[in-house]
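2 protein chains.
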Amino acid sequence: MSQTAAIPAERVTAAILVIGDEILSGRTQDTNTSYIARFLAALGIDLCEARVVPDIEKEIVDALNAMRARYTYVFTTGGIGPTHDDITFESVAAAFGVGCYHHPEAMAAMAARYKPGEFNDARKRMAYIPVGAELVQNSVSTAPGVHIGNVFVMAGVPVIMRAMMDAIEPRLKRGAVVHAATIQTTLPEGRLAEGLGAIQRDNKTVAIGSYPFYREGGNGVQLVARGRNPDEVEAAARQIEAMLRALGSEGTRVTV
Amino acid sequence: MSQTAAIPAERVTAAILVIGDEILSGRTQDTNTSYIARFLAALGIDLCEARVVPDIEKEIVDALNAMRARYTYVFTTGGIGPTHDDITFESVAAAFGVGCYHHPEAMAAMAARYKPGEFNDARKRMAYIPVGAELVQNSVSTAPGVHIGNVFVMAGVPVIMRAMMDAIEPRLKRGAVVHAATIQTTLPEGRLAEGLGAIQRDNKTVAIGSYPFYREGGNGVQLVARGRNPDEVEAAARQIEAMLRALGSEGTRVTV
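Read top to bottom, the protein sequences are chains H and L.
By the working numbering, the letter at position 172 of the first sequence is numbered 525, and the numbering carries on one by one without gaps.
By the working numbering, the letter at position 19 of the second sequence is numbered 372, and the numbering carries on one by one without gaps.
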């Protein structure tokens, strides 16, 4: 942790738009957001916001237009399958003010995947993409995602979304990676809050978070220092450890 | 499923605002959204949107003001502990244009919880709530949530959030509960999409969703019919089963 990282001047930001009634009904537990969050963090891209909207075109369009104007990238998940409730490509096209068309390369790749007669109209919808979009390869099941402007449109099925993120990665600008140090303690937050606040005030380039947990086998708190300069993160972490020691507790470094 | 439900005229809607850097960094997997979604669904309240924002006052204020103007209720999670990164009460107060004060009842309840000298300034912050707010009881760890206007402010720690939802439940207007029937098949979506779309067009008061899954032991699709009238849901479900049968597959009713 002793090297001094060269920190790119430009911050690279992102938002996630999760599209799907099944998340809002509680039927499906979204796990894509946390996967994408960690994926982007490893590239130094700051995830700044996430939203979940239903399968309603106006909701998708409004959220996408708000987010794409504000962040370097927007990643959407869900709604690109062959059924009537899959309306993401049309909605993204509407947000960009363009139409959709059957993309020749996507049509050819999908036609090659199916037996004669099986590449029906519903399946062809998965190749009906916004004009001006580029394809995002799907190494799992062929039907592509797309990339238009600063928006990446991915499947909702996690195994396919992950394959698409791998395909997208080389196209992304990178930022300075955030370094984190995590110290776990059994002291309650209320006893360490004053000292922690003072350390935050002394370390303005490091974001210090306090996350209590309630688990079988004992409660505790994880104190996390995050920042782009590893030396500054380490200095803040040592101040946290010294503060805990002064309160009569040895903090434990943990990897999360 | 043969009774005809009396359907309240007024739709009751909700949004969730998840507050916390730890969700956007990928450190913590949010599970509160799906819990609240199912909790509200059981009361006939439609969850229409969810957002995750960082621990930044302006972001919290802007999202909260957008959501509280639009939905019957807004539920927030996170940021009400004693540490410096817990800024939700102040941010909610700013959204409503009010100040915060040490609520006497919350102060008394918390003072009774701690030993003499342990109810320090950091802990008193957890009783420093927006003017005009009512308390939401916390049966786990005393420090309250609050209710102001149409906004309910809850803890982020799941066990505490759940206790707060229980305390909130009697205050909520209820809507007509959505009934769902789920039929599972091994047919691929591309083969059933045309028939499913026709059933959706014939059943305008029922929302039909198609959710493919990739699991150990076999892939498949769950077809879900959802609506406020159970007879209409059942009629749509039977049409889906008949459609699958015509394609040579027996659908299986499942409970999710």
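The beta carbon of each residue, even a glycine, is placed where N, CA and C say it ideally should be.
Check, Outcome
"Give the C-beta separation of residue 560 (chain H) and residue 415 (chain L) to the nearest angstrom, bearing in mind that I take them to be a contact with Cβ-Cβ under 8 Å.", "The pair is not a contact, with the Cβ atoms about 20 Å apart (cut-off 8 Å)."
"If the cut is a Cβ gap below 8 Å, which residues of chain H does residue 455 (chain L) touch?", "Result: empty, since nearest Cβ-Cβ is about 15 Å, beyond 8 Å."
"Mind checking whether residue 524 (chain H) and residue 600 (chain H) have CB atoms under 8 Å apart?", "no"
"Distance cutoff 8 Å, beta carbons only. Does residue 556 (chain L) sit that close to anything in chain A?", "This model lacks chain A altogether, as its protein chains are H and L."
"Using DSSP with H/G/I as helix, E/B as strand and the rest coil, what is residue 387 (chain L)?", "helix"
"Going along chain L, which residues have a C-beta under 7 Å from residue 391 (chain H)?", "379"
"If you follow the alpha helix (DSSP H) that residue 575 (chain H) is in, where does it begin and where does it stop?", "Taken as a continuous stretch (DSSP letters only), residue 575 (chain H) belongs to no alpha helix (DSSP H), being part of the beta strand (DSSP E) at 571-580."
"Put residue 523 (chain H) into one of helix, strand or coil per three-state DSSP.", "helix"
"Please report how far the alpha carbon of residue 605 (chain H) lies from the alpha carbon of residue 380 (chain H), in whole angstroms.", "38 Å"
"Do residue 435 (chain H) and residue 475 (chain H) count as a contact pair if the criterion is CB distance below 8 Å?", "yes"
"Can you tell me which of L:427, L:460 and L:401 puts its alpha carbon nearest to the alpha carbon of residue 376 (chain H)?", "L:401"
"Give the single residue among L:537, L:493, L:371 and L:565 whose Cα lies nearest to the Cα of residue 608 (chain L).", "L:537"
"Does chain L have any CB closer than 8 Å to the CB of residue 500 (chain H)?", "no"
"Give the single residue among L:496, L:529, L:412 and L:372 whose Cα lies nearest to the Cα of residue 363 (chain L).", "L:529"
"Provide the residue span of the beta strand (DSSP E) that contains residue 452 (chain L), from first to last.", "Element bounds for residue 452 (chain L): n/a, residue is neither H nor E."
"For residue 491 (chain H), count the other beta carbons within 10 Å of its own beta carbon; 16 or more makes it buried, fewer makes it exposed. Which is it?", "buried"
"Could you name the residues that DSSP lists as bridge partners for residue 498 (chain H)?", "H:489"
"Can you pull out the residues from the region 422-451 of chain H whose beta carbon lies closer than 7 Å to at least one beta carbon of chain L?", "434, 435, 436, 437 and 438"
"Chain L beta carbons: is any one of them nearer than 8 Å to that of residue 538 (chain H)?", "no"
"When you compare the CB of residue 397 (chain H) with every CB in chain L, is at least one pair closer than 8 Å?", "no"
"Where does residue 534 (chain H) sit, in a helix, a strand or coil, going by DSSP?", "strand"
"State the DSSP-derived secondary structure class of residue 358 (chain H), mapped to helix, strand or coil.", "Unreliable placement is indicated for residue 358 (chain H), whose pLDDT of 49 sits below 50; the coordinate value is still reported in the next sentence. Note: residue 358 (chain H) maps to coil in three-state DSSP."
"Assuming contact is defined by CB atoms lying nearer than 8 Å, are residue 488 (chain H) and residue 456 (chain H) in contact in what I supplied?", "yes"
"Within the same chain, show all residues whose beta-carbon is closer than 6 Å to that of residue 365 (chain L), passing over the 5 residues directly before and after it, in chain order.", "398, 425, 526 and 528"
"For residue 466 (chain L), which residues in chain H fall below 7 Å Cβ to Cβ?", "Within chain H, no residue comes near residue 466 (chain L); the closest Cβ sits about 10 Å away, beyond 7 Å."
"To the nearest angstrom, how far is the alpha carbon of residue 584 (chain H) from that of residue 557 (chain H)?", "13 Å"
"Can you check whether the C-beta of residue 474 (chain L) is within less than 8 Å of a C-beta belonging to chain H?", "yes"
"Measuring only the C-alpha atoms, how far is residue 515 (chain H) from residue 596 (chain L)?", "32 Å"
"Hey, would you say residue 371 (chain L) sits closer than 8 Å to residue 405 (chain L), going by beta carbons?", "yes"
"Taking the Cβ atom as the reference point for each residue, do residue 509 (chain L) and residue 384 (chain L) lie within a distance shorter than 8 Å?", "no"
"Does residue 594 (chain L) get closer than 8 Å to chain H when you measure Cβ to Cβ?", "no"
"Hey, quick one: how far does the beta strand (DSSP E) through residue 380 (chain L) stretch, first residue to last?", "Note, residue 380 (chain L): premise wrong, no beta strand (DSSP E); not H, not E."
"Is there at least one Cβ from chain L nearer than 8 Å to residue 564 (chain H)'s Cβ?", "yes"
"Would you mind telling me which residues of chain L sit closer than 7 Å to residue 567 (chain H), beta carbon to beta carbon, in chain order?", "510 and 512"
"Given this structure, state the Cα-to-Cα distance separating residue 461 (chain H) from residue 546 (chain L), to the nearest angstrom.", "21 Å"
"Return the first residue and the last residue of the beta strand (DSSP E) that residue 482 (chain H) is part of.", "481-483"
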